[in-house]
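There are 2 protein chains.
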Amino acid sequence: MTDVGIDRLRDMRIDRLHASNSGGPASRQAYRALRDAIIATELEPGQRLSENELAERLAVSRTPIREALIRLRDDRFVQIVPQLGTFVTRISTAAVEDAQFIRESLECAAVRLAATRAQDGDLAALAGLVRRQAEVVGHGDYGRFAVLDDEFHAGLCELAGRPVAWEVAQRVKGHLNRVRRLSLPQPHYLDEMVAEHREVLEALERRDPDAAETTLRHHLRMVLSALPAIRAQHPDYFQDEERG
Amino acid sequence: MTDVGIDRLRDMRIDRLHASNSGGPASRQAYRALRDAIIATELEPGQRLSENELAERLAVSRTPIREALIRLRDDRFVQIVPQLGTFVTRISTAAVEDAQFIRESLECAAVRLAATRAQDGDLAALAGLVRRQAEVVGHGDYGRFAVLDDEFHAGLCELAGRPVAWEVAQRVKGHLNRVRRLSLPQPHYLDEMVAEHREVLEALERRDPDAAETTLRHHLRMVLSALPAIRAQHPDYFQDEERG
DNA sequence: GGCCAGGCGCTGGTATGTAAGTATGCAGCG
DNA sequence: CGCTGCATACTTACATACCAGCGCCTGGCC
Numbered sequence: 241m242t243d244v245g246i247d248r249l250r251d252m253r254i255d256r257l258h259a260s261n262s263g264g265p266a267s268r269q270a271y272r273a274l275r276d277a278i279i280a281t282e283l284e285p286g287q288r289l290s291e292n293e294l295a296e297r298l299a300v301s302r303t304p305i306r307e308a309l310i311r312l313r314d315d316r317f318v319q320i321v322p323q324l325g326t327f328v329t330r331i332s333t334a335a336v337e338d339a340q341f342i343r344e345s346l347e348c349a350a351v352r353l354a355a356t357r358a359q360d361g362d363l364a365a366l367a368g369l370v371r372r373q374a375e376v377v378g379h380g381d382y383g384r385f386a387v388l389d390d391e392f393h394a395g396l397c398e399l400a401g402r403p404v405a406w407e408v409a410q411r412v413k414g415h416l417n418r419v420r421r422l423s424l425p426q427p428h429y430l431d432e433m434v435a436e437h438r439e440v441l442e443a444l445e446r447r448d449p450d451a452a453e454t455t456l457r458h459h460l461r462m463v464l465s466a467l468p469a470i471r472a473q474h475p476d477y478f479q480d481e482e483r484g
Numbered sequence: 241m242t243d244v245g246i247d248r249l250r251d252m253r254i255d256r257l258h259a260s261n262s263g264g265p266a267s268r269q270a271y272r273a274l275r276d277a278i279i280a281t282e283l284e285p286g287q288r289l290s291e292n293e294l295a296e297r298l299a300v301s302r303t304p305i306r307e308a309l310i311r312l313r314d315d316r317f318v319q320i321v322p323q324l325g326t327f328v329t330r331i332s333t334a335a336v337e338d339a340q341f342i343r344e345s346l347e348c349a350a351v352r353l354a355a356t357r358a359q360d361g362d363l364a365a366l367a368g369l370v371r372r373q374a375e376v377v378g379h380g381d382y383g384r385f386a387v388l389d390d391e392f393h394a395g396l397c398e399l400a401g402r403p404v405a406w407e408v409a410q411r412v413k414g415h416l417n418r419v420r421r422l423s424l425p426q427p428h429y430l431d432e433m434v435a436e437h438r439e440v441l442e443a444l445e446r447r448d449p450d451a452a453e454t455t456l457r458h459h460l461r462m463v464l465s466a467l468p469a470i471r472a473q474h475p476d477y478f479q480d481e482e483r484g
């Protein structure tokens, strides 16, 4: 039986495969490039995308572009209308709130678990992360903070033993980031974020699930507060009109 | 500007598009067929799939098959290893627990919302659903119950105003269903399910979020209880070995 | 008999071609 | 002048062709 040889080999490569993840290099690269461009609103909400044009611009054929667009459709970043075109989704208040709901539900559940399972060593690592966040914020390095912010939230899920929670949260988080990119970075915004991270961390150190959850929930909801202002500023980016 | 005409039309068709959802008919059909076959273990865990063979069997070309496999990979139902093959994922205890975690987190958060937002009319509809469940269970109609079960849980998310919660839950739920299909249906299992649905419903009628959440959480965890027995029965279907 | 090397057949990844459908813009008519 | 109908130029969905990489098998060597 030839399959057993294949099976054994496959099992050995799962990690490598899992790490490098999905699709070929071209397909993966196209996905990331398009996703980033959409979140950065370099591709504007409502804009029509052409497979041919994208293929030409990224110097690949239409196939990997197509596969990337399929994933983006599943992520609700584009709408594909057969025989008509592919469009960057307009920002929908409902979609943003949906993303918020999913992220909040998963991360809050995870942080509760983390509060009961966390080892001191893990918490020390998180504490180091928060310290580095304070540093980069001191230099006003917004981009670097975004990376460390993701690492913090990923770390929470890791501590809970549910890294998958972060994977799912990260996929929907794009919708929140697109909104956040549109809001002018408030001066004290970053300091506040770091302070709240510290608060969550302290709750974990006290092994207090309720406090950890409450604090994290409040922390996650800060993003949403800017939503109405952004909608007023970029009405053409939104698919739902203002409520009278 | 030509885009505005397109835009207007597109907006009008969003509902249709959204309802009929993603990809062309061939692609969608392939996805559903493969997914169902995997969950029913007609395609066995660990089995190697060939794009060519699948294309031939479903009488389509490789393209829609590929698109279906991409979605299935994102769902973690297959692993695609370049230049080697595509394999039905073995059941992993961790993956099942991940799916359970996600579903539980989302649905429990949703049911809390539902408890505060639900209108009497909505609850009456749910009550009707539970009654119909009791009927079909009386006839031992497992398949019909599965449909009504999904409708109940979808209804909970709908009541919460977060239908997206059910969409995400449903995607990961496949992993739980694959396990459930392997377990022999226990005689009183279905009655118990219906009774628990009724309990959740009563908690909602009392507008009691805590009770609703607690009951639902217990309800959702019933599936997991059969996991060890199934792993003992089908060790070759699992990717992780038994713990000594 | 055991072992190593190279051809072979398969895989998925990518590129390109074909088909079907849609909005647009113009031409011709009322 | 306004409206209707068709030719056209796009779009995506699907089919096909080609490519690089890998495991396996077999033939030859030690």
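If you read the protein sequences in the order shown, they are chains E and Y.
So for the first sequence, this note's numbering puts the first residue at 241; every next one is plus one.
So for the second sequence, this note's numbering puts the first residue at 241; every next one is plus one.
Beta carbons: idealized from backbone N, C-alpha and C, even for Gly.
Keep in mind the model is a prediction, meaning the values are calculated, not measured.
Exposed unless 16 or more other CB atoms sit within 10 angstroms - verdict on residue i
| i | result |
| --- | --- |
| E/Pro-285 | buried |
| E/Arg-272 | exposed |
| Y/Pro-304 | buried |
| Y/Thr-356 | exposed |
| Y/Leu-424 | exposed |
| Y/Arg-459 | The sequence given here places His at residue 459 of chain Y; Arg does not occur at that position. Answer is buried; the Cβ neighbour count reaches 16. |
| Y/Glu-453 | buried |
| Y/Ala-259 | For Y/Ala-259, the pLDDT reaches just 38, beneath the cut-off of 50, and the residue's location in the model is therefore unreliable, although a value from the coordinates is still provided. Per the 10 Å Cβ criterion, exposed. |
| Y/His-415 | buried |
| Y/Gln-387 | Checking the displayed sequence, the identity of residue 387 of chain Y turns out to be Val instead of Gln. It is exposed - the Cβ of Y/Val-387 has fewer than 16 other Cβ atoms within 10 Å. |
| E/Gly-263 | buried |
| E/Arg-343 | buried |
| Y/Ala-335 | buried |
| Y/Ala-358 | buried |
| E/Arg-420 | buried |
| E/Ser-465 | exposed |
| E/Ala-349 | buried |
| E/Ala-354 | buried |
| E/Asp-255 | Confidence is the limiting factor: at E/Asp-255 the pLDDT is only 42, short of 50, which leaves the residue's position unreliable, though a coordinate-based value still follows. Flag for E/Asp-255 reads exposed. |
Test: residue i CB closer than 8 Å to a CB of chain Y
| i | result |
| --- | --- |
| E/Gly-414 | no |
| E/Ile-278 | no |
| E/Pro-449 | no |
| E/Val-404 | yes |
| E/Glu-307 | yes |
| E/Arg-471 | no |
| E/Ile-310 | yes |
| E/Val-328 | no |
| E/Pro-475 | no |
| E/Asp-480 | no |
| E/Ser-345 | yes |
| E/Val-408 | yes |
| E/Ala-354 | no |
| E/Leu-274 | no |
For residue j and residue i, believed in contact at Cβ under 8 Å, the rounded distance
| i | j | result |
| --- | --- | --- |
| Y/Ile-310 | Y/Arg-418 | No, Y/Ile-310 and Y/Arg-418 are not in contact; Cβ-Cβ is about 20 Å, not under 8 Å. |
| E/Thr-333 | E/Asp-476 | Actually they do not touch by this definition, with Cβ atoms about 15 Å apart. |
| E/Leu-396 | E/Val-328 | About 31 Å separates the two Cβ atoms, so there is no contact after all. |
| Y/Leu-346 | Y/Ala-443 | Not really, about 18 Å apart at Cβ, beyond 8 Å. |
| Y/Leu-430 | Y/Phe-385 | 6 Å |
| E/Thr-455 | E/Glu-436 | 7 Å |
| E/Asp-362 | E/Leu-399 | 5 Å |
| Y/Leu-441 | Y/Val-370 | 6 Å |
| E/Thr-326 | E/Leu-274 | Not quite, the Cβ-Cβ distance comes to about 10 Å (not below 8 Å), so this is no contact. |
| Y/Ala-308 | Y/Ala-270 | 4 Å |
Neighbour flag for residue i against chain E, beta carbons, 8 Å
| i | result |
| --- | --- |
| Y/Phe-341 | yes |
| Y/Glu-436 | no |
| Y/Leu-289 | no |
| Y/Glu-445 | no |
| Y/Arg-372 | no |
| Y/Arg-457 | no |
| Y/Pro-285 | no |
| Y/Ser-465 | no |
| Y/Arg-461 | no |
| Y/Ser-332 | no |
| Y/Ala-295 | no |
| Y/Gly-184 | Since the first residue of chain Y shown is 241 and the last is 484, residue 184 of chain Y is not available in this structure. |
So, do the region 397-410 of chain E and the region 313-321 of chain E have three or more beta carbon pairs nearer to each other than 8 Å?
No contact exists between the region 397-410 of chain E and the region 313-321 of chain E.
Complete beta strand (DSSP E) runs within the region 421-474 of chain Y (minimum length 3 residues, chain order):
none
Under 8 Å, with one C-beta from each stretch per pair, do the region 375-385 of chain Y and the region 339-347 of chain Y reach the 3-pair mark?
no
Entirely enclosed beta strand (DSSP E) segments - the region 285-324 of chain E, minimum 3 residues:
318-321
Mind pulling the beta strand (DSSP E) runs of 3 or more residues that sit fully within the region 348-427 of chain Y?
none
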